[in-house]
Amino acid sequence: MVGRLEGKVAVITGAGNGMGEAIARMFAREGAKVALTDVSPRGEQVAEEIRRTGASAAFWEMNTTDEARVEQVFGEVFEEFGALNVLINNAGISGPTQPVDQVEFEDWDRVFKVNVGGPFLCTKHAIPHMRRTEGQKSIVSTSSIYGMIGNADVPVYHTTKAAVRLMAKTDAVTYAPENIRVNAVMPGTILTPLNLEKAEQTPGYLERMRAVHPLGVIGDPDDVAYAMVYLASDESKFVTGAEFVIDGGYTAQ
């Protein structure tokens, strides 16, 4: 059976763990050649495990805020695989939890550089290689439901995710004539290593999170990966500028 992403080359940032790792593994199962990037060398372990399944995977250690390195990596990916069909802008950080009047500008700026600057630089340096690639091209950025609604717990993070959401819409309009689609996914609470660590430190955290979701459960990384597969595939050829909410009904209340 031919995979839904057969023959496509995909770059996935933040692929060393959590949602990025789940996306990379699922893309490989669906036939994509995956280029994993992360600031952590653990990405090489993930790539090696993918290769053991017979799929094609390679890892590049990369900080998405380092423009020279981003440009270099995208060039090397294109040279190795001969195409660039898909970019998944997934790398991000959470940042300070204090209210805005207590946040230092350096911390604000740091979160913006990673969460907004990273997708900007990766998109900037992916586009030239996508122009050299035949067929459908797709960029998908990981935003958040907190790029849609307000919440007091992580104000800088939420602001950055709103920027990612609108960047995707703007780029969707800009690059539609070149057959490059751009969309965003908006996850709610997902059982990533970060949230599991928070659960260990905060008694009752998972129970409270389950209670606020109409479905009564918390999402897992594969829930996000399934949406990414659809948006990366030709099945979504008429979808651009969209936002896919994956939150167990939280924002429907």
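Note that numbering that gives the first Met the number 0 has the sequence shown beginning at 0, numbered continuously upward. We put the CB at the ideal spot given by N, CA and C, even for glycine. Remember, predicted model here, so these are calculated numbers, not experimental data.
If you draw a straight line from the alpha carbon of residue i to that of residue j, how long is it in whole angstroms?
| i | j | result |
| --- | --- | --- |
| Ser142 | Asp222 | 15 Å |
| Arg109 | Leu205 | 29 Å |
| Ala151 | Pro98 | 7 Å |
| Pro220 | Gly91 | 15 Å |
| Gly2 | Gln252 | 36 Å |
| Ile189 | Gly218 | 5 Å |
| Phe73 | Tyr156 | 26 Å |
| Gly240 | Arg180 | 7 Å |
| Ser232 | Glu78 | 22 Å |
| His212 | Lys197 | 18 Å |
| Pro186 | Arg131 | 31 Å |
| Leu193 | Glu177 | 37 Å |
| Thr173 | Gly134 | 18 Å |
| Asn62 | Leu195 | 24 Å |
| Asn114 | Ile11 | 14 Å |
| Glu234 | Val228 | 9 Å |
Secondary structure at residue i, three-state DSSP: helix, strand or coil?
| i | result |
| --- | --- |
| Glu29 | coil |
| Arg50 | helix |
| Met147 | coil |
| Glu133 | coil |
| Leu190 | coil |
| Ile217 | coil |
| Ala251 | helix |
| Arg180 | strand |
| Val45 | helix |
| Leu4 | coil |
| Ile22 | helix |
| Ile92 | coil |
| Ala14 | coil |
| Thr239 | coil |
| Thr63 | coil |
| Thr201 | coil |
| Leu38 | Leu is not the amino acid found at residue 38; the sequence shown has Val there. The answer is coil: DSSP assigns Val38 none of H, G, I, E or B. |
Following the continuous alpha helix (DSSP H) through residue i, name the residue where it begins and the one where it ends.
| i | result |
| --- | --- |
| Glu60 | No alpha helix (DSSP H) holds Glu60; the beta strand (DSSP E) holding it covers 56–60. |
| Glu242 | Not the alpha helix (DSSP H): Glu242 falls in the beta strand (DSSP E), residues 242–245. |
| Leu165 | 154–174 |
| Val274 | This structure leaves residue 274 out entirely; the chain is present only between 0 and 252. |
Provide the residue span of the beta strand (DSSP E) that contains residue i, from first to last.
| i | result |
| --- | --- |
| Glu70 | Careful: Glu70 lies outside any beta strand (DSSP E), inside the alpha helix (DSSP H) at 66–80. |
| Leu205 | Careful: Leu205 lies outside any beta strand (DSSP E), inside the alpha helix (DSSP H) at 204–210. |
| Val85 | 85–88 |
For residue i, tell me which candidate among the options has the shortest Cα-Cα distance.
| i | options | result |
| --- | --- | --- |
| Gly146 | Arg68, Ala198, Ser93, Val45 | Ser93 |
| Lys168 | Ala54, Val238, Leu4 | Val238 |
| Val69 | Ala198, Phe26, Asn88, Glu47 | Asn88 |
| Lys7 | Met18, Ala21, Glu29, Gly17 | Glu29 |
| Asp246 | Val172, Ala226, Glu133, Ala27 | Ala226 |
| Leu83 | Arg50, Lys112, Val33, Ala46 | Val33 |
| Asp170 | Cys121, Ala210, Thr201 | Cys121 |
Would you say residue i touches the ligand COA, meaning its beta carbon is less than 7 Å from a heavy atom?
| i | result |
| --- | --- |
| Lys7 | Ligands displayed in this structure: none; no statement on the ligand COA is therefore possible. |
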